[in-house]
Amino acid sequence: MTRSLDDVALFRALPQVGRQVPWVRLGAWPTPVARLDLDGDVWCKREDLTSPVYGGNKVRTLEAMFGRARAAGATRMWATGAYGSNHV
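Take any residue in the sequence shown, count from 1 to its spot, add 15: that is its number in the working numbering.
So this is what it looks like as structure tokens:
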């Protein structure tokens with residue numbers, strides 16, 4: 016995965032963080048925001064579109080976790096979620 020910070024809002028706003036935080040790009044960013052067909056002005060951030068393989072906000076967490084693991088020289092990683100989670 017390439018380390019492109021151009022479309023990561025946090026790293027655009029705080030470039031010094033992007034230089035210090037190990038990070039592995041996994042998601043397709045930015046994800047869209049969609050207006051819902053409900054009464055009122057309701058919008059939804061489409062985190063289900065973070066990856067064509069695996070969607071959801073866990074992809075954001077894994078980008079940081081994989082970055083730290085890679086920076087530490089790890090070649091394998093094991094991550095699990097709580098009971099009932101789809102995090103594997």
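Using N, Cα and C, we set each Cβ at its ideal position, and we do this for glycine too.
Three-state secondary structure (DSSP) of V32: As a working mapping, residue 32 is identified with position 17 in the sequence shown. The answer is helix: DSSP assigns V32 an H, G or I state.
What would DSSP say about A104, mapped onto helix, strand or coil? Lying before the first or after the last residue shown, residue 104 is absent from the chain, which here runs from 16 to 103.
Compute the distance between the beta-carbons of R61 and A43, then report whether it is under 8 Å. Here residue 61 corresponds to residue number 46 of the sequence shown, with the count starting at 1. Here residue 43 corresponds to residue number 28 of the sequence shown, with the count starting at 1. Their beta carbons are not under 8 Å apart, which means R61 does not touch A43 by this criterion.
How far does the alpha helix (DSSP H) with V48 in it extend, from its first residue to its last? Position 33 of the sequence shown holds residue 48. From DSSP, V48 is part of no alpha helix (DSSP H) but of the beta strand (DSSP E) over V48 to R50.
Check whether the segment 25-43 touches the segment 71-81, taking contact to mean three or more Cβ pairs, one atom from each stretch, closer than 8 Å. yes
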